[in-house]
Amino acid sequence: MISTDIGKEVIIKELPLIPKLPGVYRMLDSKNGILYVGKAKNLPNRLKSYVSEKNHIIRTERMLSQTRKIEITTTANESEALLLEANLIKKYKPKFNILLKDDKSFPFIFISEHKFPRIERHRGAKIKPGKYYGPFASSLAVNTAIKTLQKIFLVRSCTDKQVEDGDRTCFNYYLKRCAGPCGSKIDEKDYAKLVDAADEFLSKGKSRKIQKTLSLQMEEASQELDFEKAAIIRDKIKSLNIIQSSLTVSEANLIEADVVAGYKESGKACIQVFFYRSKQNWGNQAFFPKHDPDESLSEILNSFISQFYENKAVPASIIISEEIREKKLIEKTLSKKERKQIVISNAKKGSKLKIINLAIKNAKNSLNRKLYESQNNRDLLDKISKKFKIDNNISLIEVYDNSHIQGTDSVGALITYGEEGFIKKRYRKFNIKTEKFKQDDYGMIKEVLDRRFKRAIQEKGNYLSLPDLVLIDGGKGQYSSARETLNELGLNDIPVVAIAKGKLRNSGNETFFHNGKEIKFLRNDPTLFFLQRIRDEAHRFAISAHRAKRKKGISRSLLDQINGIGSIRKRALLNHFGSARAVESASLDEIKSVEGVEEKVAKKIYNFFHE
Numbered sequence: 005m006i007s008t009d010i011g012k013e014v015i016i017k018e019l020p021l022i023p024k025l026p027g028v029y030r031m032l033d034s035k036n037g038i039l040y041v042g043k044a045k046n047l048p049n050r051l052k053s054y055v056s057e058k059n060h061i062i063r064t065e066r067m068l069s070q071t072r073k074i075e076i077t078t079t080a081n082e083s084e085a086l087l088l089e090a091n092l093i094k095k096y097k098p099k100f101n102i103l104l105k106d107d108k109s110f111p112f113i114f115i116s117e118h119k120f121p122r123i124e125r126h127r128g129a130k131i132k133p134g135k136y137y138g139p140f141a142s143s144l145a146v147n148t149a150i151k152t153l154q155k156i157f158l159v160r161s162c163t164d165k166q167v168e169d170g171d172r173t174c175f176n177y178y179l180k181r182c183a184g185p186c187g188s189k190i191d192e193k194d195y196a197k198l199v200d201a202a203d204e205f206l207s208k209g210k211s212r213k214i215q216k217t218l219s220l221q222m223e224e225a226s227q228e229l230d231f232e233k234a235a236i237i238r239d240k241i242k243s244l245n246i247i248q249s250s251l252t253v254s255e256a257n258l259i260e261a262d263v264v265a266g267y268k269e270s271g272k273a274c275i276q277v278f279f280y281r282s283k284q285n286w287g288n289q290a291f292f293p294k295h296d297p298d299e300s301l302s303e304i305l306n307s308f309i310s311q312f313y314e315n316k317a318v319p320a321s322i323i324i325s326e327e328i329r330e331k332k333l334i335e336k337t338l339s340k341k342e343r344k345q346i347v348i349s350n351a352k353k354g355s356k357l358k359i360i361n362l363a364i365k366n367a368k369n370s371l372n373r374k375l376y377e378s379q380n381n382r383d384l385l386d387k388i389s390k391k392f393k394i395d396n397n398i399s400l401i402e403v404y405d406n407s408h409i410q411g412t413d414s415v416g417a418l419i420t421y422g423e424e425g426f427i428k429k430r431y432r433k434f435n436i437k438t439e440k441f442k443q444d445d446y447g448m449i450k451e452v453l454d455r456r457f458k459r460a461i462q463e464k465g466n467y468l469s470l471p472d473l474v475l476i477d478g479g480k481g482q483y484s485s486a487r488e489t490l491n492e493l494g495l496n497d498i499p500v501v502a503i504a505k506g507k508l509r510n511s512g513n514e515t516f517f518h519n520g521k522e523i524k525f526l527r528n529d530p531t532l533f534f535l536q537r538i539r540d541e542a543h544r545f546a547i548s549a550h551r552a553k554r555k556k557g558i559s560r561s562l563l564d565q566i567n568g569i570g571s572i573r574k575r576a577l578l579n580h581f582g583s584a585r586a587v588e589s590a591s592l593d594e595i596k597s598v599e600g601v602e603e604k605v606a607k608k609i610y611n612f613f614h615e
């Protein structure tokens, strides 16, 4: 039986010192780790409930049994407490809170405020002047929409410098995806009409009006026997139909709304968020919050909404699938945050109910797929334990690989795989620092493992938790190096396996090394395919990290080779052109136009690349 006595005693002791104000409280364990973050309109009254109520849910009892300290932060009002609570939960990820996993910003379409506005994808803070359209559910959705919009409205994506020069048309112009301000093919007034049409489509969803205008233009061109122009307009109409079908106009005419629906089964939940803007569906995203198996869907949805919108723009309407406990408080808080009226509503009939039911169906399908994959992964992890005779239960595998070219730009890579798949937030790269290890695979493994696990030991709960298995891409020597390094750090209990390809480097003939034994799989064994897949992901990540480092080194070294070019001028050149390669292809006049680069220096730079 769980004893909650110590936690309750901590609360009773602290209660007289806590002011009767709104705020946030944090339950801490014996190591000052945050167990739970909560908020309250009246802090003492909320904390008293932990002492006075007798029948707590199991999660609360477990939390109280581990509580050794309480910290509080008072706020001006309950709305501030809600925002602070959401912020602290996302920052510290306490194990007894409902946690929104895989939270990230969503991409937008951005049209700048230039003389000839530019269309591009944008993610992050909206600090650049211009118009933002979104959010879209994925980068793929944004990129597809931008390409199609360019075909219809010919809004440029070429650089500002190309437009300023106005003497060379970009490649998109010849693909009929740009009106040609870069080559002075269109004046500002006519270009503005194209941008206004794109804005009408994105902000108001006026596709029928645009389609009608294009149809009339096509008829006029045909009557004038300008069949080439008519064919171009016909292709625009086709592109408009494509983007209409991909964005699907909603029956409910949702101008600015998010549809948030949940589904719970087998102690797990999925939340689906559909983005509706300008009467169009701009995609959807599935989320799988971490929560107690007994937590109600209503409570999961309540916590999800406050965390999800803590760092995102909020639409005027949020339509939800369940009644939530703090609906009025969240409405009030989000309205204050956005400085506009936010309405949270339940769909009960008509077209909005159809949309909610569609979102619930998507949530159910996503959850069933996730549960199936998790079970499949669990079975594979169990088979690994059995094959290598590992006594411990394997839930987390770390895979290591190295990449270098003849000892240059040496990089070590770590990827992690768990029951729910690849865990991208646990990916790490290590620039090899020890000079003598840069051409030594065994030494590189030693340095990477030493740095990774020494930090975990020193920082304990503040760094990556320890894995249940370490998988090394390599053979017997790599295995010995890894095993020796972990043993030196006192981590003898973490099993190590090395995976080596056959003599002909052919996949499917791998040999595995573990505890002094060589182990082989049958060629069609699903466990072998699984181990190959996670090994290949580590290799992919190591190669991409190496290429990025090499590319950065090449860009730096090109400018470093020019005598008399100091760090200030280098920075000015890179800021202006973007890379050393771009400086190499620039004209003398372009180099002279860079601030701080006088004619004599410009000639030196130009001659360096062209003599």
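According to the working numbering, the residues represented by the sequence shown are 5 to 615, in order. Built from N, CA and C at the ideal position, the CB exists for glycine as well.
* To do: Return the chain-ordered list of same chain residues with a C-beta closer than 8 Å to the C-beta of K458, the five sequence neighbours on each side being excluded.
  => L493
* In the DSSP assignment, find the unbroken beta strand (DSSP E) run with S116 in it and report its ends. => F112 to S116
* Can you tell me whether DSSP reads V263 as helix, strand or coil? -> strand
* To do: Identify whether S414 lies in helix, strand or coil by the three-state DSSP scheme.
  => strand
* Measure the beta-carbon distance from I398 to L468 and round it to whole angstroms, keeping in mind my assumption that it falls under 8 Å. => Going by Cβ atoms, the distance from I398 to L468 rounds to 16 Å, so no, they are not a contact pair.
* **Straight-line Cα distance separating A290 from E260** => 20 Å
* To do: Consult DSSP for H543 and reduce its assignment to one of helix, strand or coil.
  => helix
* To do: Locate the alpha helix (DSSP H) running through D169, then write down its first and last residues.
  => D164 to D169
* Asked: Is it the case that the Cβ atoms of G287 and S142 are separated by a distance below 8 Å?
  -> yes
* Asked: Over what stretch of residues does the alpha helix (DSSP H) that includes L86 continue unbroken?
  -> E82 to Y96
* **Under 8 Å between C-beta atoms of R72 and V159** => no
* **Extent of the continuous beta strand (DSSP E) run through I348** => V347 to N350
* **Sequence-distant residues of the same chain with beta carbon closer than 8 Å to Y404, five excluded per side** => G416, A417, L418, I449, V452, L453, V474, L475, I476, D477, A486 and A542
* For N519, count neighbouring Cβ atoms within 10 angstroms of its own Cβ and tell me buried if that reaches 16, exposed if not. => exposed
* Just reading off the beta strand (DSSP E) that L631 is part of, what are its end residues? -> The structure shown does not extend to residue 631, since the chain spans only 5 to 615, so no value can be given for it.
* Member of D239, C174 and I309 whose CA lies at the smallest distance from the CA of I156 -> D239
* Beta-carbon gap between K189 and T173 smaller than 8 Å -> yes
* **Own chain, CB closer than 8 Å to K180, minus 5 neighbours either side, in chain order** => K155, L158, I236 and D239
* **Coarse secondary structure for Y54, derived from DSSP in three states** => helix
* **Span separating the alpha-carbon of Q443 from that of Q565** => 25 Å
* Smallest Cα separation from D529: which of E522, N513, R544 and Y280? -> N513
* If you count every other CB in all the chains shown that lies within 10 Å of the CB of S53, and 16 or more means buried, which is it? -> exposed
* Asked: Going by beta carbon distance, what residues of the same chain come within less than 8 Å of E335, once the five residues before and after it are set aside?
  -> I346, V347 and I348
* To do: Compare the Cα-Cα distances from T64 to each of N91, S207 and D9 and report the closest residue.
  => D9
* **Boundaries of the alpha helix (DSSP H) in which G279 is found, first to last residue** => Rather than Gly, the amino acid found at residue 279 in this sequence is Phe. That residue, F279, is in no alpha helix (DSSP H); its beta strand (DSSP E) goes K272 to R281.
* To do: Just the C-alpha distance for L578 and P499, rounded to the nearest angstrom, thanks.
  => 47 Å
* How far does the alpha helix (DSSP H) with I150 in it reach, from first residue to last? -> S143 to F157
* Using CA coordinates, which residue listed in I523, I74, A320 and F426 is at the minimum distance from A502? -> I523
* Asked: Is L25 near T78, with beta carbons less than 8 Å apart?
  -> yes
* Helix or strand or just coil, what does DSSP make of Q565? -> coil
* Asked: Is it right to say S307 is buried, meaning 16 or more other beta carbons lie within 10 angstroms of its own, or is it exposed?
  -> buried
* Asked: I1 and V146 look like a contact to me (Cβ under 8 Å); what is the Cβ gap, rounded to whole Å?
  -> This structure cannot speak to residue 1, because the chain is shown only from 5 to 615.
* Asked: Under 8 Å between the Cβ atoms of S1 and L206?
  -> Because the chain is modelled from 5 through 615, residue 1 falls outside the range shown and cannot be assessed.
* Asked: Going by the CB atoms, is the gap between G266 and A367 shorter than 8 Å?
  -> yes
* **Candidates E588, A129 and A546: closest to Y431 by CA position** => A546
* Asked: Which partner residues of V403 appear in the DSSP bridge assignment?
  -> I419 and L475
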